[in-house]
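Q:
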Amino acid sequence: MPGHLLWAVDVYGRVFSLCATAGHWKRSKDVLLELKRVTAAEQCCWGIGCEHQVYLNVLPSDVSIRHQEETYENQEETGAPGGNPRRHRENTPRSSQTVTRRKPTQTQGEHTNSSQTVTRRKPTQTQGEHTTLLTARWNPVEGYTDTLLPTDRWPWTDESGQMPQPLHSFLLPSDNWEWEGDWYVDDDSCGRESTATGGWEYAVDFPATFTKEKKWNSCVRRRRWLRYRRYKARGSWAKVPLDRGRPPPEPFTDITCGGWRMRDSPEKHICLWAVSQQGKVWFRTGVQQQNPEGSVWEYVPVPKEVSQISAGPGDLLWAVLWDGQLLVRTGIGKDCPKGASWVMVDPPSKAGAIHVAVGVNVVWAVTKDNKVWFRRGVNSHNSRGLGWISIGGEMVMISVGPNDQVWGVGTEDRTVYFRHGVTSTEVTGKAWIPVCARLDSGRTSKRPSDSCLFSGQITEPSQGSVLGCDDPDVPQPHIPKITSYSFISALVADRSAPVDQEAVQETVEDEGAPAQAPVLQPGQTNGSEVPWSNVDLEEMMKAPPVSTIQSSVATYPGDLGAIVEQEEGPPWAWITGGGCEIDSNSSISWLETTEGGLLSPTLTPALSAAGAGGPIAERALGEKEKTLEKCVSVRKGMMSWWSDWTPHQWKEVCVTLEQVRGGGVSRDDILYISYTQHEERNYLYASMREVTALVPVLRESLYALAVYTAERTRQRWPILLATESYQDWENWLSLLSESCCESRALKGPPSKQALWAVTSKGDIMVHDPSPSLEAPAQYLPCERMFWRQVPGHLLCVESNSVGVVWGIGYDHMAWVYTGGCRGNQAQGGEVNQQILTDIRNVCIYENQRWNPVTGYTDKGLPTDRYMWSDALGLKECTKENTKPPSPQWTWVSDWAIDFSTPGGTDKEGWQYAADFPVTFQGYKTMKDFVRRRRWVRKCKITLTGPWQKVPPIRLIDVTILPCLAQSSVEQVPVWAISEKGDVLCRLGVSAQSPAGSSWLHVGTDQPFKSISIGGGHQVWAIARDGAVFYRGSVSSQNPAGECWYHIPSPPRQTLRQVSVGRTSVYAVDENDNLWYRQGLTPSYPQGSVWELISSNVCRVSVGPLDQVWIIADKVPGYPSESSGTVCHRLGIRPMQPKGLSWDFGIGGGWEHLSVRGNSTEAQRAAPCSPLPTRDQAQVNGNSAGC
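Heads up: the sequence shown at position 132 corresponds to 129 in the working numbering, and the numbers run straight through without jumps.
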């Protein structure tokens, strides 16, 4: 793995590299080279020298870097058939018939010295070629000649003829290149040997298409000349030349490279960026594999002065301003590598940013207080991200590798650290571990916990460098502990301060005697200040006893004051991991963790100083635990998204869930959806804390999921996502549900006060209410209610405030809830999970129209509905194309005629009407010209959920006594209606035994279809013919009551459902109208009259506080939304029991709602009495207690 190198620069400007397969730092062979910054790609590394020049190091390889130069020749022949040979030779640099050149020696970085003459070989064409055309025009007297018309191209041009390119204009770009041979004619330009054609190709005129055959009308011709140059400076640091013909740019202070993995780019071009001393940004054009030096520097305007810049392997580019703000470059792509514009981003903290590092899909930053931060939400569709997260550790700089691995240089000890545990899902990793690699001399860089004292002789600092070091083998001097960014600022300073040193006398102690601390003199400067040059200095109190050593003094630009202890090994100033692609889980010898585990770089010196105990160590360990707990993880996958724009269609998108865990922070997960529209990359996102529901939906037999937020609920347009497999759908639903619950700190099963609902798909949803749900002053809008799913499949659910929950399936089987909810693994436990099955009917209609000749036939009018359709006739539904409701269902029967269709049928199952869609009846009349019959087929679903079956009687409706929060009942009344219409009362139901023991039959004179029990044991019911009844004398002692009282129905209306609260009774008729029963009193519980409240109501639920909730058919203004929307009645007061208006919440496919368990009342402040307070003795002469 020679190309996977980690590059680093120490504080003396020396350059080191560390191979992933090796175990030691290898210093550059250029001993005199001193660099400040380095940046690396896969096969090369750039650096900025102390003199602000740019250097390049291309790694050695068996494949040489060869660049092809091309030019096209135009030539004149003096004779019509053969031309003028003399003039031919004058314009030809070498014979086109026989071309010989020296055979180049294929070695890296060497000039060829071989003088062997060989026949020319045709080289392979490479990238980055310059083309020059030599063109000729035919003259009737002289034949082809290079004396062209005034409007013609030049004799030597590029392929397009727009640029003159004579042979002498081609020069080597720098001393790092060498020519491989002389110019020669490209034989394949015309497809023949040069001995026969001379490489010419012919055309009628410029710039017509050239062909290899000469024709009678060929008036012009051209041929191509080639020459190759080779890069010879591989494996060494070479200075990048200045742009020829352009003024040199300002001295550079920072450099970065990236873009070699840019999306949709067929070639690996490298984007090289630099920052000058004046804060300007420059871009190097033409950097590619065959031209590593690039072409020219181009200025990129910036809104403010830039101090540091970082580019990722993809299309991310971030920069840091001198004022601590950050810039993001947008619009970078394969067609626009320089990008389009800058976007300002706020720093992570008030301290401001001083360093930024960019990866493929991550951005890390360091603030002026050396804190490390991670940017959330960064990807190829959103280069800005959404927010910052603090990560443990203190660094002076960090670098991100090509696979988002993170490296850093510690603040306290100047040790290189690696972020352990970074993967494609755990993007922030787990902790920092030191890089423990040997040096060239065989010494080992000690771990941060092993401190020692540097010693050495005084050395003069080199010009422009921070520390002088003439001999790399001598021991290193003491380095101050730098806790700010002053050192890096010194590295990028535009000038070096002259330093005066005083001689320091060394004292050699006897063997075994303790060594004295070195006496230091502060460095002298010229008074110039470097930005951020404050240095945290610590006095060295005492030195550890060691053997005979030598003390040294090193001088720094700026007033650094006293020097303190520093561990052995070079103190690092800069590191780049752009060329080091390793796996975080791979076993690398120099990435082994310490015995004490994973440590943050800020904790290591404290632990070393405190030893095994002490308050400092305890505090450090506490910070360590806090640091290790915090991490960011991502989950990605490809899904289909129902687009927001018209025409609506399924689009393939990348879905990413970003999760933040640990560190004592609240969960704030974010869901990203990245898509491409009109070749532009866009994204949308939703905070999981703002998601209000995750609802499985039916969409074209796909595994679909609707994501609701408050804003999406107001727009009546949820985010629809779908997968191709059920396993993927289930995994995403569980993951998102768990994220929603944890973001809202919801744990365990639903509360006893929960609101229960059922969708048209049969999914069970619950909402845990807060006291503000019914509070007039602090009302929670319906659109902000969070609904979570309970495993199971039911038709309806009823509950009360003591925790008793009953449900009825589509097959009319009764079930009792035992605890548990999706999104929390510990909810209910495995003991409550049971097998739950349900069977439902899928119905389609066969339609026919009467024909005077043939009678009823399946040949309808052009305006008729489909002959096989759904109930409304809007969708074609044949036996062959009709599928189960979802892939979870399986057919358990064949298609059969349904003779129980509402409205009746004849003996063949037909219903008749005058036309579509008039009301159908079960008999034929003379005016009936159309007929239909319903076909049904049973399907079955099998799930696992916290539900217990209550056999054997099948039910169509159930109701539970709504209790107040402060009430306690031993036996909970449960009433139900059987499939046959019988009224039943369940005995033995309690919070401990919600299933009860047995059924008690309550006599009726006709079958019923709806029943409800309210406060004070009020029982109301509706018969199948719409008649309303009230059950008298029901109490806890007499649970079945005495008799039924008939209640008149609303005029000309047939009621179908009733719900009773504490003092209110509401009912819904067959025309979806909502009615309120007036005049209910304790002495006259039957009430007096029905009052119409609203239309557009499918179902009503009245709670124990007389709160009113409904399932509305449609939302006004949104006719395209499917039926079924949760609504809340606002303004209900004791003196205003009918309320004032509706609040529309989540909707589109909700069929049932129960709020009969919500008895949570909002706290109300006691009104102040206008009368003065009195003593207890003044109240009737006695103490009045209650």
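All C-beta atoms, glycine included, are put in the ideal place defined by N, C-alpha and C.
Since Asp7 is in the alpha helix (DSSP H), which residue starts that stretch and which ends it?
A: Position 10 of the sequence shown, counting from 1, holds the residue named residue 7. Taken as a continuous stretch (DSSP letters only), Asp7 belongs to no alpha helix (DSSP H), being part of the beta strand (DSSP E) at Leu2 to Asp7.
Q: From what residue to what residue does the beta strand (DSSP E) around Cys737 run?
A: Reading the sequence shown from its first residue, position 740 is the one you call residue 737. Counting along the chain, Cys737 falls outside any beta strand (DSSP E), though it belongs to the alpha helix (DSSP H) covering Tyr723 to Ser740.
Q: Where does Asp1140 fall in DSSP's three states?
A: Taking the sequence shown and counting its residues from 1, the one referred to as residue 1140 is at position 1143. DSSP places Asp1140 in strand when its eight states are reduced to three.
Q: Quick one: grab the DSSP three-state call for Asn844.
A: In the sequence shown, counting from the first residue as 1, residue 844 sits at position 847. Strand.
Q: Within 8 Å, do at least three Cβ pairs link the region 857 to 871 to the region 839 to 848?
A: Cβ pair count under 8 Å is three or more, so yes.
Q: Below 7 Å CB to CB, which residues in the same chain sit around Pro715 once its five sequence neighbours on both sides are set aside?
A: Indexing the sequence shown from 1 puts residue 715 at position 718. Ala703, Val704, Tyr705 and Arg709, listed in sequence order.
Q: Between the alpha carbons of Val629 and Ile667, how many angstroms are there, rounded?
A: One-based indexing of the sequence shown puts residue 629 at position 632. One-based indexing of the sequence shown puts residue 667 at position 670. Computed Cα separation, rounded: 11 Å.
Q: Apart from the five residues just before and just after Gly816, which ones in its own chain have a Cβ nearer than 6 Å to its Cβ?
A: Indexing the sequence shown from 1 puts residue 816 at position 819. Cβ neighbours of Gly816 beyond the five flanking positions: Pro746, Gly825, Asn829 and Pro943.
Q: If I measure Cβ to Cβ from Trp151 and keep anything under 6 Å in the same chain, skipping five residues before and after, which residues do I get?
A: To locate residue 151, count along the sequence shown from 1; it is residue 154. Pro161, listed in sequence order.
Q: Taking the alpha-carbon positions, what's the Met685 to Val359 distance?
A: In the sequence shown, counting from the first residue as 1, residue 685 sits at position 688. In the sequence shown, counting from the first residue as 1, residue 359 sits at position 362. Straight-line Cα distance between these residues: approximately 21 Å.
Q: Rank Gly328, Ala337 and Leu324 by C-alpha distance to the C-alpha of Val353 and give the top, closest one.
A: The count along the sequence shown starts at 1 and reaches residue 353 at position 356. The shortest C-alpha separation from Val353 is found at Leu324.
Q: CB-CB under 7 Å to Arg1059, same chain, minus the five flanking residues each way: which ones, in chain order?
A: Mapped onto the sequence shown, residue 1059 falls at position 1062. Result list for Arg1059: Gly1011, Gly1012, Pro1101, Leu1102 and Asp1103, in chain order.
Q: Quick one: measure Cβ to Cβ for Gly1023 and Thr1051, integer angstroms, because I've assumed they're closer than 8 Å.
A: Working through the sequence shown from its first residue, we reach residue 1023 at position 1026. Working through the sequence shown from its first residue, we reach residue 1051 at position 1054. Right, their Cβ atoms sit about 3 Å apart.
Q: Would Val763 pass as a contact of Cys793 if the rule is Cβ separation under 7 Å?
A: Sequence index remark: in the sequence shown, residue 763 carries index 766 (1-based). Sequence index remark: in the sequence shown, residue 793 carries index 796 (1-based). Against a cut-off of 7 Å, the Cβ pair of Cys793 and Val763 comes out as no contact.
Q: Is it buried or exposed for Asn848, if we count other Cβ within 10 angstroms and need 16 for buried?
A: In the sequence shown, residue 848 corresponds to position 851, counting from 1. Exposed.
Q: Since Gln712 is in the beta strand (DSSP E), which residue starts that stretch and which ends it?
A: For this step, residue 712 is matched to residue 715 along the sequence shown. Premise fails: Gln712 lies in the alpha helix (DSSP H), Ala707 to Gln712, not in any beta strand (DSSP E).
Q: Taking only three categories from DSSP, how would you classify Arg781?
A: Numbered from its first residue, the sequence shown carries residue 781 at position 784. Three-state DSSP puts Arg781 in a helix.
Q: Just mark Val516 as buried or exposed, buried being the case when its beta carbon has 16 or more other beta carbons within 10 Å.
A: Mapped onto the sequence shown, residue 516 falls at position 519. Since pLDDT at Val516 reaches only 35, below the 50 mark, its modelled position is unreliable, and no value is offered.
Q: I'd like the span of the beta strand (DSSP E) that includes Tyr863, first residue to last.
A: Against the sequence shown, residue 863 aligns to sequence position 866. Counting along the chain, Tyr863 falls outside any beta strand (DSSP E), and DSSP gives it neither H nor E.
Q: In the DSSP assignment, what residue or residues form a beta bridge with Leu313?
A: One-based indexing of the sequence shown puts residue 313 at position 316. DSSP lists no partner for Leu313.
Q: Compute the beta-carbon to beta-carbon distance between Ala308 and Gly255, rounded to the nearest angstrom, for a pair I have assumed lies under 8 Å.
A: Numbered from its first residue, the sequence shown carries residue 308 at position 311. Numbered from its first residue, the sequence shown carries residue 255 at position 258. That belief holds up - the Cβ atoms of Ala308 and Gly255 are roughly 3 Å apart, short of 8 Å.
Q: Where does Val1105 land, buried or exposed, given buried means 16+ other C-beta within 10 angstroms?
A: Here residue 1105 corresponds to residue number 1108 of the sequence shown, with the count starting at 1. When all chains shown are included, Val1105 counts as buried.
Q: Alpha carbons only, please: which of Ser994, Ser292, Trp638 and Arg930 is nearest the one belonging to Thr653?
A: Working through the sequence shown from its first residue, we reach residue 653 at position 656. Thr653 has its Cα closest to that of Trp638, out of Ser994, Ser292, Trp638 and Arg930.
Q: Is Asp59 buried or exposed, if buried means 16 or more other CB atoms sit within 10 Å of its CB?
A: The residue labelled residue 59 in the question sits at position 62 within the sequence shown. So Asp59 ends up on the exposed side.
Q: Please classify Glu107: does DSSP put it in a helix, a strand, or coil?
A: The residue you call residue 107 lines up with position 110 of the sequence shown. Residue confidence for Glu107 is low, a pLDDT of 40 falling below 50, so the modelled location carries little weight and cannot support an answer.
Q: With distance defined between alpha-carbon atoms, name the residue in Pro768, Pro881, His998 and Ser1138 nearest to Glu1158.
A: Here residue 1158 refers to the residue found at position 1161 of the sequence shown. When only C-alpha atoms are compared, the closest one is Pro768.
Q: State the start and end residues of the unbroken beta strand (DSSP E) segment that holds Phe13.
A: The residue you call residue 13 lines up with position 16 of the sequence shown. It spans Val12 to Cys16 - the beta strand (DSSP E) in which Phe13 sits, taken as one unbroken run.
Q: Three-state secondary structure (DSSP) at Leu1071?
A: Here the question's residue 1071 lines up with position 1074 in the sequence shown. Three-state DSSP puts Leu1071 in a strand.
Q: In whole angstroms, what separates the C-alpha of Glu877 from that of Leu833?
A: Walking along the sequence shown from the start, residue 877 turns up at place 880. Walking along the sequence shown from the start, residue 833 turns up at place 836. Rounded to the nearest angstrom, the two C-alpha atoms are 29 Å apart.
Q: Do the region 335 to 350 and the region 391 to 404 touch if we need at least three Cβ pairs shorter than 8 Å?
A: Because the criterion of three Cβ pairs below 8 Å is not met, the region 335 to 350 and the region 391 to 404 do not touch.
Q: Alpha carbon to alpha carbon, what distance is there between Ser396 and Ser14?
A: Taking the first residue of the sequence shown as position 1, residue 14 is located at position 17. Taking the first residue of the sequence shown as position 1, residue 396 is located at position 399. Those two C-alpha atoms are separated by around 15 Å.
Q: If I follow the unbroken beta strand (DSSP E) through Met762, where does it start and stop?
A: Taking the sequence shown and counting its residues from 1, one reaches residue 762 at position 765. That run of the beta strand (DSSP E) goes Ile761 to His764.
Q: Within 8 Å, do at least three Cβ pairs link the region 64 to 73 to the region 217 to 225?
A: Yes: the two stretches touch, three or more of their Cβ pairs being nearer than 8 Å.
Q: State yes or no: is the C-beta of Asn288 within less than 7 Å of the C-beta of Ala230?
A: Counting from one through the sequence shown, the residue named residue 288 turns up at place 291. Counting from one through the sequence shown, the residue named residue 230 turns up at place 233. It is not a contact, given that the beta carbons lie outside the stated cut-off.
Q: Check whether the Cβ atoms of Gly328 and Asn797 sit closer than 7 Å, and answer yes or no.
A: On the sequence shown, position 331 is the one that residue 328 refers to. On the sequence shown, position 800 is the one that residue 797 refers to. No, they are not a contact pair.
Q: Ends of the beta strand (DSSP E) at Gln65?
A: By 1-based counting over the sequence shown, the position of residue 65 is 68. Note, Gln65: beta strand (DSSP E), Arg63 to Glu70.
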